[in-house]
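Trainee: In the numbering used here, the protein residues as written are 147 to 740.
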């Protein structure tokens, strides 16, 4: 895949036009070029690169994580009023949404060009390759429309290349868009190979996973009209099981190793957006998601900013629901394998020294000596709750680290999602990361299948698939648990090497009668929150399940202005202003934004 991206950079680097549906691609290169084998390959590469936009800045991440039940705003960032608090500035003028709209319609335009060009190609490419490239383009076009329809609802449906100037794009109903998405993805899954020589290209498994998710999303609607069919859950389960039973993919046994940056091309990944350690291949941009979940650590005793610990942009912080309700922290290893809670001293120059202070007198042999050493724990963020009467400064008399219990956490200091750390950057100041983005992975496929079966009432099959994921999430026999297990979370020290699998595995009753007042759908949202935490799908998940308003009101104390109409984003004004003729505002704009 790296070589097709390079072909894109060298031949069609100005493909990244910003105007939505703008089909003027490269000055000096005629459209006839795209009717050649080389032109088609360059166009295919360009269509893939559209995927990168989501992760090269504050793009998909704030749209999906802020203002949900699992994340609220951190200390910094300019998008908090619109996306976490749902203030009136979340409107048709909001630039991030126009960028989203523009980017994915650009991807659709590119796909349409390539699809047309493949049809016109007479020689230079084997028929089997032409069919695969056509399937790749229909996979990506379906994926881009899937992103758009979930976000905006009714949208223009542009299905072919059109050289005429058009200003009368009407929004197609959601049901029509889903029908088109499913058609594209079904073609893709029928014609894509199981594996491709270039890592990063779409495969049959990627198309089947996307199909399963599209059917689940369409069929999840109860009150909304998405064109849902009685067979949607059957189809979601069928295509998810097709991925599972293909034996092409396997879960990485250790959840922590799934996120090891040296283990990115692992057996669990079905489809990933690629970034390279060679910046040329990235068109001099990179994956910046590593910046946004990081807490402030570099102003603490014994610490300085470095590559390993990252740049603390603190754009989001976990909600209390995430930290104290969502996970079974004692038994579910995903919590401490997702969240970083300890920082090791990396700066000898500012380690505090023992001194007599406020009536505290250390042992004579300690006076003037460092309280801890490089490599010792300098910061510990814990789930422990302390009485408010304890003075914060008194904590340092007995603990050789900066201690941040539950009561003292802020929007700058909190347990940090460490899934996306990137120590491959050349310097601590470098924003552009090189980590691939896992778009589809097998654990989600299991969760799609489980939810589809559960919605069908086949809870035995739902449990079977859920337990595959939850078995991986358990601590293994002889795996040392973190100290929080016995110090804070209620475990016994004697059990620190004991498997927690029995506590993690579910029964049918856990999905039907032992839900403690929740519904099966809420249970699945919780499980997806545990497994897919921070992976830029949460807002879509809540909207898909028609739970956005209720769960955000319940679990995100800062989202005080959320309304039920926030299940859709506003149509960008840039698009509306270009329309001619222009319909009534209630036809061109979503409810609540006019």
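Cβ atoms here follow ideal geometry from the backbone N, Cα and C, with glycine treated the same way.
These figures come from a predicted structure and were not determined experimentally.
Between the C-alpha atoms of residue 410 and residue 571, what's the straight-line distance to the nearest angstrom?
Mentor: The residue you call residue 410 lines up with position 264 of the chain shown. The residue you call residue 571 lines up with position 425 of the chain shown. Taking the straight line joining both Cα atoms gives about 15 angstroms.
Trainee: So what does residue 527 bridge to, in DSSP terms?
Mentor: Locating residue 527 in the chain shown gives position 381, counting from the first residue. For residue 527, which the question treats as bridged, DSSP gives the partners 550.
Trainee: If you run the structure through DSSP and keep just helix, strand and coil, what is residue 444?
Mentor: Indexing the chain shown from 1 puts residue 444 at position 298. Three-state result, residue 444: coil.
Trainee: What residues are listed by DSSP as bridge partners for residue 372?
Mentor: Reading the chain shown from its first residue, position 226 is the one you call residue 372. Bridge partners of residue 372: none, in fact.
Trainee: Do residue 205 and residue 281 have their CB atoms nearer than 7 angstroms?
Mentor: Here the question's residue 205 lines up with position 59 in the chain shown. Here the question's residue 281 lines up with position 135 in the chain shown. Taking 7 angstroms as the Cβ cut-off, residue 205 and residue 281 do not qualify as a contacting pair.
Trainee: Which word fits residue 352, buried or exposed, when buried means at least 16 other C-beta atoms lie within 10 angstroms of its C-beta?
Mentor: Here residue 352 refers to the residue found at position 206 when the chain shown is read from its first residue. Buried.
Trainee: Can you check whether the CB of residue 237 is closer than 7 angstroms to the CB of residue 739?
Mentor: As a working note, residue 739 is residue 593 in the chain shown. As a working note, residue 237 is residue 91 in the chain shown. Their beta carbons are under 7 angstroms apart, which means residue 739 touches residue 237 by this criterion.
Trainee: Is residue 715 near residue 243, with beta carbons less than 7 angstroms apart?
Mentor: For this step, residue 715 is matched to residue 569 along the chain shown. For this step, residue 243 is matched to residue 97 along the chain shown. In contact: residue 715 and residue 243 (Cβ atoms closer than 7 angstroms).
Trainee: Might you give, ordered along the chain, the residues of its own chain that have their beta carbon closer than 7 angstroms to the beta carbon of residue 620, omitting 5 neighbours on each side?
Mentor: Here residue 620 refers to the residue found at position 474 when the chain shown is read from its first residue. The answer, listed in chain order, is 477, 479, 645, 646, 647, 650.
Trainee: What are the start and end residues of the alpha helix (DSSP H) that includes residue 320?
Mentor: Residue numbering aside, residue 320 sits at position 174 when the chain shown is read from its first letter. Residue 320 -> alpha helix (DSSP H) spans 320–337.
Trainee: Going by the beta-carbon positions, is the gap between residue 354 and residue 388 smaller than 7 angstroms?
Mentor: As a working mapping, residue 354 is identified with position 208 in the chain shown. As a working mapping, residue 388 is identified with position 242 in the chain shown. Against a cut-off of 7 angstroms, the Cβ pair of residue 388 and residue 354 comes out as a contact.
Trainee: Do you know offhand how far residue 208's Cα is from residue 516's?
Mentor: Translated into positions along the chain shown, residue 208 becomes position 62. Translated into positions along the chain shown, residue 516 becomes position 370. Cα to Cα, the separation comes out at about 41 angstroms.
Trainee: Relative to the C-alpha of residue 425, which candidate in 486, 446, 579, 531 has its C-alpha closest?
Mentor: Indexing the chain shown from 1 puts residue 425 at position 279. If we check each option's Cα against that of residue 425, 579 comes out closest.
Trainee: Check residue 505 in the structure and name its three-state DSSP category.
Mentor: By 1-based counting over the chain shown, the position of residue 505 is 359. If DSSP states are grouped into helix, strand and coil, residue 505 belongs with coil.
Trainee: Tell me, please, which residues DSSP counts as bridged to residue 247.
Mentor: Residue numbering aside, residue 247 sits at position 101 when the chain shown is read from its first letter. In DSSP, residue 247 forms no bridge with anything.
Trainee: Among the residues of its own chain, which have a CB less than 7 angstroms from the CB of residue 289, if the five just before and after it don't count?
Mentor: Residue 289 sits at position 143 when you count from the first residue of the chain shown. Closer than 7 angstroms at the Cβ level, and outside the excluded window around residue 289, lie 356.
Trainee: Quick check on residue 547: buried or exposed, where buried means 16 or more other Cβ atoms within 10 Å of its Cβ?
Mentor: Reading the chain shown from its first residue, position 401 is the one you call residue 547. When all chains shown are included, residue 547 counts as buried.
Trainee: Just verifying my parser: in three-state terms, what is the DSSP assignment at residue 573?
Mentor: The sequence position of residue 573 within the chain shown is 427, counting from 1. In this structure, residue 573 counts as coil in the three-state DSSP scheme.
Trainee: Out of 273, 261, 291, which has the shortest C-alpha to C-alpha gap to residue 247?
Mentor: For this step, residue 247 is matched to residue 101 along the chain shown. For the options 273, 261, 291, the alpha carbon positioned closest to that of residue 247 is the one of 291.
Trainee: Taking DSSP as the reference, what is the three-state secondary structure of residue 163?
Mentor: What you label residue 163 is simply residue 17 of the chain shown in a count that begins at 1. With a pLDDT of only 31 at residue 163, under the threshold of 50, the placement of this residue in the model should not be trusted, and no figure is reported.
Trainee: Would you kindly work out how many angstroms separate the C-alpha atoms of residue 283 and residue 192, rounded to a whole number?
Mentor: Reading the chain shown from its first residue, position 137 is the one you call residue 283. Reading the chain shown from its first residue, position 46 is the one you call residue 192. Take the alpha-carbon of residue 283 and the one of residue 192: they are about 11 angstroms apart.
Trainee: Assuming the contact rule is C-beta atoms closer than 8 angstroms, residue 202 and residue 432 should be a hit. Round their C-beta distance to whole Å, please.
Mentor: Translated into positions along the chain shown, residue 202 becomes position 56. Translated into positions along the chain shown, residue 432 becomes position 286. Residue 202 to residue 432, Cβ: 7 angstroms. Contact.
Trainee: Below 7 angstroms between beta carbons: does that hold for residue 199 and residue 249?
Mentor: Along the chain shown, one-based indexing puts residue 199 at 53. Along the chain shown, one-based indexing puts residue 249 at 103. Going by C-beta atoms, residue 199 is nearer than 7 angstroms to residue 249.
Trainee: Determine which residues share a DSSP beta bridge with residue 587 and list them.
Mentor: To locate residue 587, count along the chain shown from 1; it is residue 441. Answer is 415.
Trainee: Just the C-alpha distance for residue 557 and residue 430, rounded to the nearest angstrom, thanks.
Mentor: As a working note, residue 557 is residue 411 in the chain shown. As a working note, residue 430 is residue 284 in the chain shown. For residue 557 and residue 430, the distance between alpha carbons rounds to 31 angstroms.
Trainee: When we look at the beta-carbon of residue 615 and count the other beta-carbons within 10 Å, is it buried (16 or more) or exposed?
Mentor: Residue 615 sits at position 469 when you count from the first residue of the chain shown. Per the 10 Å Cβ criterion, buried.
Trainee: Alpha carbon to alpha carbon, what distance is there between residue 582 and residue 418?
Mentor: One-based indexing of the chain shown puts residue 418 at position 272. One-based indexing of the chain shown puts residue 582 at position 436. In a straight line, the C-alpha of residue 418 is about 6 angstroms away from that of residue 582.
Trainee: Select from 726, 666, 588 the residue whose C-alpha is nearest the C-alpha of residue 603.
Mentor: Position 457 of the chain shown holds residue 603. The residue with the shortest Cα to Cα distance from residue 603 is 666.
Trainee: Would you list the residues sitting across from residue 488 in a DSSP beta bridge?
Mentor: One-based indexing of the chain shown puts residue 488 at position 342. Answer by DSSP bridge pairing, in chain order: 526.
Trainee: Residue 297 to residue 611, Cα distance in whole Å?
Mentor: Indexing the chain shown from 1 puts residue 297 at position 151. Indexing the chain shown from 1 puts residue 611 at position 465. For residue 297 and residue 611, the distance between alpha carbons rounds to 29 angstroms.
Trainee: Along the alpha helix (DSSP H) that carries residue 227, what are the first and last residues, could you check?
Mentor: Residue numbering aside, residue 227 sits at position 81 when the chain shown is read from its first letter. Run containing residue 227: 226–229, per the alpha helix (DSSP H) assignment.
Trainee: Residue 380 to residue 597, Cα distance in whole Å?
Mentor: The count along the chain shown starts at 1 and reaches residue 380 at position 234. The count along the chain shown starts at 1 and reaches residue 597 at position 451. So the alpha carbons of these two residues sit roughly 11 angstroms apart.
Trainee: Just to confirm the assignment, what range does the beta strand (DSSP E) spanning residue 464 have?
Mentor: Stepping through the chain shown from its first residue, residue 464 is reached at position 318. Taken as a continuous stretch (DSSP letters only), the beta strand (DSSP E) holding residue 464 covers 462–464.
Trainee: Check whether the Cβ atoms of residue 460 and residue 222 lie closer than 7 angstroms to each other.
Mentor: For the purposes of this step, residue 460 is taken as residue 314 along the chain shown, with counting starting at 1. For the purposes of this step, residue 222 is taken as residue 76 along the chain shown, with counting starting at 1. Yes.
Trainee: Give me the residue from 363, 454, 527, 692 with the minimum Cα distance to residue 634.
Mentor: Your numbering for residue 634 matches position 488 in the chain shown. When only C-alpha atoms are compared, the closest one is 527.
Trainee: Going by Cα to Cα distance, which pick from 465, 369, 694, 402 is closest to residue 559?
Mentor: Taking the first residue of the chain shown as 1, we reach residue 559 at position 413. The shortest C-alpha separation from residue 559 is found at 465.
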